[in-house]
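Asker:
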Amino acid sequence: MWSALAVAAACLAYIFFDGFVEMEYRWANVEEYSHGYMIPLVAMFLFYQKIPALVALDWRANWLGPFLMVGAILGWFLGEMSSLFIIVHYSFLLSLVALAISVFGWRGFRKTWAAFVYLVFMIPLPVFLYRGLSERLQLISTEIGVAVIKLFGISVYTTGNVIDLGVYQLQVVEACSGLSYLFPLMSFGFLIAYVYNGPNWHKWTIFLSTIVITILMNSFRIGVIGVTVEYWGIEMAEGFLHDFEGWFVFMACLGVLFLLVLFLNYVIGRKASPLDLIDLSYPTLAEIKAIAPGQRKFNVALITSTILLALALPTSIYIDDREEYTPLRNTFISFPLLRGDWVGKESVLEANILEALDYPDYIQANYRKSGDRIPVNFYVAYYESQRTGSSIHSPRSCIPGGGWKISGLTQVDLAEKGLAGLNVNRLMISKGEHSQLVYYWFAQRGRVITNEYLAKWYLFSDGLTMQRSDGALVRLVTVVPPGEDVANADARLQEFLRDFYPIMPRYLPGADAALSQGIDSSSLAPAAD
1143 MWSALAVAAA CLAYIFFDGF VEMEYRWANV EEYSHGYMIP LVAMFLFYQK IPALVALDWR
1203 ANWLGPFLMV GAILGWFLGE MSSLFIIVHY SFLLSLVALA ISVFGWRGFR KTWAAFVYLV
1263 FMIPLPVFLY RGLSERLQLI STEIGVAVIK LFGISVYTTG NVIDLGVYQL QVVEACSGLS
1323 YLFPLMSFGF LIAYVYNGPN WHKWTIFLST IVITILMNSF RIGVIGVTVE YWGIEMAEGF
1383 LHDFEGWFVF MACLGVLFLL VLFLNYVIGR KASPLDLIDL SYPTLAEIKA IAPGQRKFNV
1443 ALITSTILLA LALPTSIYID DREEYTPLRN TFISFPLLRG DWVGKESVLE ANILEALDYP
1503 DYIQANYRKS GDRIPVNFYV AYYESQRTGS SIHSPRSCIP GGGWKISGLT QVDLAEKGLA
1563 GLNVNRLMIS KGEHSQLVYY WFAQRGRVIT NEYLAKWYLF SDGLTMQRSD GALVRLVTVV
1623 PPGEDVANAD ARLQEFLRDF YPIMPRYLPG ADAALSQGID SSSLAPAAD
């Protein structure tokens, strides 16, 4: 048995090595996941707590283990081939569950389930879910934070996630969404709920309350920053004070969670001491040795799971040599600012925005035709790879953050407008008396896609069949002045597309693009116009 476990562990370490590396990279570079280093250690403690029960148990082979191992290996294969590490990460957890059931049987796994579930907290969310959640929390925290500021009699105006104090403007950026508190606090809440000596409804209350506590405390933090900025200046929202406030708020969250545990204990009338509420006991080695072990029979299920992992090794070696292809393309530095009657003026995104969006090439420019005072804002964000956390940012998620309200969303086929094969998302947005018309789509390896979830599917399938995960977001915006017919704004965007869409394939490579491995596409010569 121990030999089989050693072989299985070695196979798991080799097969999932790339997934481990990517996960650790996110722990080290994304603040919201910095607690990930502690999760395996805590999971091992939870497992160690149950060793006496496992030792005394009869270990019976369970064929559910090998069955789950087949699913884990299949998930790993699909995740590696499609370059989606989130599938690899969850496949690793499934393989651990499969191995545990193969060794101990279902009864043994039921005694140790918490250790395996706790490992979920070390896995980073898919980027599109992370950003969607972050943007929603930014808006909620902004609204509640503004309510806190108003309690101090301060006049304040909010637009999306921007807090306007008159002299100063504070933007509730992604780092202030509260996710840096939410993820570690939820993991801590799960741990406390599990070791808490009380009824199950108490446990669920403790765990779910971490979400409410995070939102309220983060909103209070934003409100306090607004108040201090009003009275002592903008430096109160920057540097050491900002970081200290974040650390203090997280500790306050832990304090509120502890007070909740004490309150629940008081409600049921037990009035136990705080130390008796939480079971952090663990067995000594002497206690474990003194336990009479249960029956240990030749475990066919474990041997089968180990063989399955060993058979996956040659495939893993093949995948390690399989690199993602980079399409050859022109960079946007060569995109024409003069074309026909159009004259463009580029603008540069702020450094913090570029860092958050994490893409290597983009263009943002306002184009006007001769004699037309209303510009067309043209924006394209291109990703060479969406494999390791980078992902296209949907306008439907970020537009509300700027205070704009989406009043309508439709899909429009522009074939009748001389743009065959181009379907776009068309939406009207408004903020006060200002209105704008937006067209956008996802350019994905020769496809024009309007549905972000369909874009995720093709990211998976193209990674599997084409070894590519490049893609881009294309967005056009124009102002709709008061009293102007929206049809004129549509005509303006469509005229721009008729002139510029034919040259976009030079910058947004299709399915038949020339491919390379590791060649810097910036060395390509500009396209002739």
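So the sequence shown is numbered by our numbering: it starts at 1143 and just counts up by one.
Even for Gly, the Cβ is constructed at its ideal location relative to N, Cα and C.
Note that the structure is a prediction, hence the values are computed from the model and not measured.
Rounded C-beta distance between residue 1149 and residue 1452? I'm assuming under 8 Å.
Answerer: Indexing the sequence shown from 1 puts residue 1149 at position 7. Indexing the sequence shown from 1 puts residue 1452 at position 310. About 7 Å; that satisfies the 8 Å criterion.
Asker: Please give the ranges of any alpha helix (DSSP H) in the stretch 1209 to 1277, keeping only runs that are unbroken, at least 4 residues long and fully inside the region.
Answerer: DSSP runs (the alpha helix (DSSP H)) wholly in the stretch 1209 to 1277: 1227 to 1260.
Asker: Taking the alpha carbon of residue 1446 as the reference point, which residue from 1207, 1190, 1582, 1174 has its own alpha carbon closest?
Answerer: Counting from 1 along the sequence shown, the entry for residue 1446 is found at position 304. Per the Cα distances, 1207.
Asker: Would you call the CB atoms of residue 1717 and residue 1283 closer than 8 Å?
Answerer: The structure shown does not extend to residue 1717, since the chain is modelled only from 1143 through 1671, so no value can be given for it.
Asker: Keeping to the same chain, check which residues put their C-beta closer than 6 Å to that of residue 1306; ignore five residues upstream and five downstream.
Answerer: The sequence position of residue 1306 within the sequence shown is 164, counting from 1. Hits under 6 Å: 1299.
Asker: With a Cβ-Cβ cutoff of 8 Å, do residue 1602 and residue 1594 count as a contact?
Answerer: Translated into positions along the sequence shown, residue 1602 becomes position 460. Translated into positions along the sequence shown, residue 1594 becomes position 452. Cβ distance not < 8 Å, so residue 1602 and residue 1594 don't count as in contact.
Asker: Does the beta-carbon of residue 1342 have 16 or more other beta-carbons within 10 angstroms, so that it is buried, or is it exposed?
Answerer: Along the sequence shown, one-based indexing puts residue 1342 at 200. So residue 1342 counts as exposed.
Asker: Which residues in the same chain have their Cβ closer than 7 Å to the Cβ of residue 1511, if we skip the five residues on either side of it in sequence?
Answerer: For the purposes of this step, residue 1511 is taken as residue 369 along the sequence shown, with counting starting at 1. Closer than 7 Å at Cβ, skipping near neighbours: 1483, 1484.
Asker: Provide the residue(s) that pair with residue 1469 in DSSP beta bridges, ordered along the chain.
Answerer: By one-based count along the sequence shown, residue 1469 stands at place 327. 1657, per the DSSP bridge assignment.
Asker: Judging by CA-CA distance, which residue of 1229, 1204, 1200, 1238 is the nearest neighbour of residue 1155?
Answerer: By one-based count along the sequence shown, residue 1155 stands at place 13. Cα-wise, what sits closest to residue 1155 is 1238.
Asker: Taking DSSP as the reference, what is the three-state secondary structure of residue 1301?
Answerer: Taking the first residue of the sequence shown as position 1, residue 1301 is located at position 159. It is a strand residue.
Asker: To the nearest angstrom, how far is the alpha carbon of residue 1287 from that of residue 1625?
Answerer: Numbered from 1 along the sequence shown, position 145 holds the residue referred to as residue 1287. Numbered from 1 along the sequence shown, position 483 holds the residue referred to as residue 1625. So the alpha carbons of these two residues sit roughly 36 Å apart.
Asker: State the DSSP-derived secondary structure class of residue 1515, mapped to helix, strand or coil.
Answerer: Counting from one through the sequence shown, the residue named residue 1515 turns up at place 373. The answer is coil: DSSP assigns residue 1515 none of H, G, I, E or B.
Asker: Hey, which unbroken runs of the alpha helix (DSSP H) at 4 residues or more fall wholly within the stretch 1571 to 1648?
Answerer: List check, alpha helix (DSSP H) in window: 1594 to 1607, 1628 to 1642.
Asker: If you draw a straight line from the C-alpha of residue 1617 to the C-alpha of residue 1166, how long is it?
Answerer: Position 475 of the sequence shown, counted from the start, is the residue given in the question as residue 1617. Position 24 of the sequence shown, counted from the start, is the residue given in the question as residue 1166. Taking the straight line joining both Cα atoms gives about 34 Å.
Asker: For residue 1552, list the residues DSSP reports as bridge partners.
Answerer: Numbered from 1 along the sequence shown, position 410 holds the residue referred to as residue 1552. Bridge partners of residue 1552: 1568.
Asker: In the DSSP output, which residue or residues are listed as bridge partners for residue 1486?
Answerer: For the purposes of this step, residue 1486 is identified with residue 344 of the sequence shown, where counting begins at 1. DSSP output for residue 1486 lists 1509 as bridge partner(s).
Asker: Consult DSSP for residue 1420 and reduce its assignment to one of helix, strand or coil.
Answerer: As a first step, residue 1420 must be located in the sequence shown, where it is residue number 278. Residue 1420 falls in the strand class under three-state DSSP.
Asker: Whose C-alpha, out of 1292, 1244, 1517, 1649, is nearest the C-alpha of residue 1441?
Answerer: Taking the first residue of the sequence shown as 1, we reach residue 1441 at position 299. Comparing Cα positions, the closest option is 1244.
Asker: To the nearest angstrom, report how far apart residue 1652 and residue 1592 are at their CA atoms.
Answerer: If you number the sequence shown from 1, residue 1652 lands on position 510. If you number the sequence shown from 1, residue 1592 lands on position 450. If I take the Cα positions, the gap works out to 16 Å.
Asker: With 16 as the cutoff for other CB atoms within 10 Å, does residue 1552 come out buried or exposed?
Answerer: For the purposes of this step, residue 1552 is identified with residue 410 of the sequence shown, where counting begins at 1. With fewer than 16 other Cβ atoms within 10 Å, it is exposed.
Asker: Determine the burial state of residue 1660: buried for a count of at least 16 other Cβ atoms within 10 Å of its Cβ, exposed for fewer.
Answerer: Here residue 1660 refers to the residue found at position 518 when the sequence shown is read from its first residue. Residue placement at residue 1660 is poorly supported in this model, since its pLDDT is 46, which falls under 50; the coordinates are not used for a value here.
Asker: DSSP state of residue 1202, grouped into three classes?
Answerer: On the sequence shown, position 60 is the one that residue 1202 refers to. Reduced to three states, the DSSP call for residue 1202 is coil.
Asker: Return the CA-CA distance between residue 1138 and residue 1367, expressed in angstroms with no decimal places.
Answerer: Past the edges of the chain, shown from 1143 to 1671, lies residue 1138, and the structure says nothing about it.
Asker: Contact between the stretch 1623 to 1639 and the stretch 1555 to 1564: three or more CB pairs below 8 Å?
Answerer: In short, these stretches touch, since the Cβ pair count reaches three.
Asker: Go through its chain and collect everything with a Cβ distance to residue 1203's Cβ below 8 Å, but skip five positions before and after it.
Answerer: Reading the sequence shown from its first residue, position 61 is the one you call residue 1203. 1244, 1247, 1439, 1441, 1442, 1443, 1444.
Asker: So residue 1332 is in the alpha helix (DSSP H); what residue range does that whole segment cover?
Answerer: Here residue 1332 refers to the residue found at position 190 of the sequence shown. First-last of the alpha helix (DSSP H) with residue 1332: 1321 to 1337.
Asker: Let me make sure I understand the geometry here. Which of 1605, 1199, 1393, 1370 has the alpha-carbon closest to that of residue 1295?
Answerer: Looking up residue 1295 in the sequence shown gives position 153. The option with the nearest alpha carbon to residue 1295 is 1370.
Asker: Rounding to the nearest angstrom, what Cα-Cα distance links residue 1228 and residue 1374 in this structure?
Answerer: Within the sequence shown, numbered from 1, the residue matching residue 1228 stands at position 86. Within the sequence shown, numbered from 1, the residue matching residue 1374 stands at position 232. Going by the C-alpha atoms only, they are around 45 Å apart.
Asker: Taking the alpha carbon of residue 1335 as the point to measure from, which residue in 1250, 1188, 1290, 1179 has its own alpha carbon closest?
Answerer: Against the sequence shown, residue 1335 aligns to sequence position 193. For the residues 1250, 1188, 1290, 1179, the minimum Cα distance to residue 1335 belongs to 1188.
Asker: Where does residue 1366 sit, in a helix, a strand or coil, going by DSSP?
Answerer: Stepping through the sequence shown from its first residue, residue 1366 is reached at position 224. Of the three classes helix, strand and coil, the one that applies to residue 1366 here is helix, per DSSP.
Asker: Using a Cβ-Cβ cut-off of 6 Å (strictly less than) and excluding sequence neighbours within five positions of residue 1392, which residues of its own chain qualify?
Answerer: To locate residue 1392, count along the sequence shown from 1; it is residue 250. The residues are 1323.
Asker: For residue 1522, which of helix, strand or coil comes out of DSSP?
Answerer: If you number the sequence shown from 1, residue 1522 lands on position 380. Looking at residue 1522 - three-state DSSP - the assignment turns out to be strand.
Asker: Measuring alpha carbon to alpha carbon, tell me which of 1640, 1217, 1573, 1576 ends up nearest residue 1563.
Answerer: For this step, residue 1563 is matched to residue 421 along the sequence shown. Closest by alpha carbon: 1640.
Asker: In the DSSP output, what is residue 1438 paired with across the bridge?
Answerer: Counting from 1 along the sequence shown, the entry for residue 1438 is found at position 296. Answer is 1201, bridged to residue 1438.
Asker: Quick one: give me the first and last residue of the alpha helix (DSSP H) that residue 1167 is part of.
Answerer: Position 25 of the sequence shown, counting from 1, holds the residue named residue 1167. Its alpha helix (DSSP H) spans residues 1159 to 1171.
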